[in-house]
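Notes to accompany the following structure.
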Amino acid sequence: MNPLLTRYQELQKTPTFANRSIAEKFPHQFLVFEPGERWMYSPGLDWAGLAVERVTSMKLGEYMKRYIFDVVSAKDATFHPELREDLQARKARNWEREGQTLKEQMKPVYAENTLDDFGGGGLFATVNDLLKIYQGILTEKLLRPETIKEMFQPHLENIGGLDKPEEYSLSTRNAI
């Protein structure tokens, strides 16, 4: 994680995801470096999801349901598992080692009850649904052949950032 951004966010008292919109969660993001110069986790895909919403006049989850999930019969993929009682009992839980035993963490691993559909890391799905989506990509149900070919081309070999494991994290707040 970029130390200057970390300090900036500490001073800004960056809010949690719960009951927040993307604009509320990431109100003062700025470029740490120019696009194509380096790679770093960021809320860029969250903002891209908002762009999809503005262009389509649909929530990102509705758009993805219509054009991805329904096409491949992915029934459990959602940005809002709190609205699906059937998913609550099947949700993965967070465990922590305590001596020779494991203790369940009551703090959730990922935020729920968000106002927006966070495209960068807010999707909840089962393994079966993810496999259906991957199969839909590879069998050209979801994308054109030329798009699939482009997906599997190397795109990051000439930029920095991949050699610094400290910049890999679950954090989506590092840079845009």
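Residue 1 is where the sequence shown starts when you use the UniProt record's numbering, and the numbers rise one by one after that. Glycine included, C-beta positions come from ideal geometry on N, C-alpha and C.
Quick one, which of the options has its alpha-carbon nearest residue i's?
i	options	result
TYR41	GLY121, GLN105, ASP116, GLU104	GLY121
ALA48	LEU60, LEU123, GLU37, HIS80	LEU60
LEU87	GLY44, VAL32, ALA125	ALA125
residue 177	LYS141, ARG97, ARG54	What the structure shows of the chain is the stretch from 1 to 176, and residue 177 is not part of that stretch, so it cannot be assessed.
Inspect the beta-carbon positions of residue i and residue j and report whether they are closer than 8 angstroms.
i	j	result
LYS103	TRP95	yes
TYR63	VAL52	yes
ILE133	ALA74	yes
PHE79	LEU131	no
In whole angstroms, give me the CA-to-CA distance for residue i and residue j.
i	j	result
LYS149	GLY99	49 angstroms
ARG93	MET58	31 angstroms
THR114	ASP46	12 angstroms
PHE33	ASP116	27 angstroms
ARG38	GLY44	14 angstroms
LYS91	VAL127	12 angstroms
LYS65	GLN153	27 angstroms
GLN135	GLY119	20 angstroms
THR56	GLN105	39 angstroms
residue 183	THR101	Outside the displayed span of the chain (1 to 176) sits residue 183, for which this structure offers no information.
ASP70	HIS155	30 angstroms
ALA175	ARG97	Its pLDDT being 38, under 50, ALA175 is placed unreliably in this model, and the value from its coordinates should be taken loosely. Looking at the two C-alpha atoms, the distance is approximately 32 angstroms.
THR139	ARG54	29 angstroms
MET151	LEU50	22 angstroms
Am I right that residue i and residue j are in contact with their C-beta atoms under 8 angstroms? What's the rounded C-beta distance?
i	j	result
ASP129	ALA77	5 angstroms
Do the segment 76 to 89 and the segment 136 to 155 touch if we need at least three Cβ pairs shorter than 8 angstroms?
-> The segment 76 to 89, when compared against the segment 136 to 155, does not touch it at the 8 angstroms Cβ threshold.
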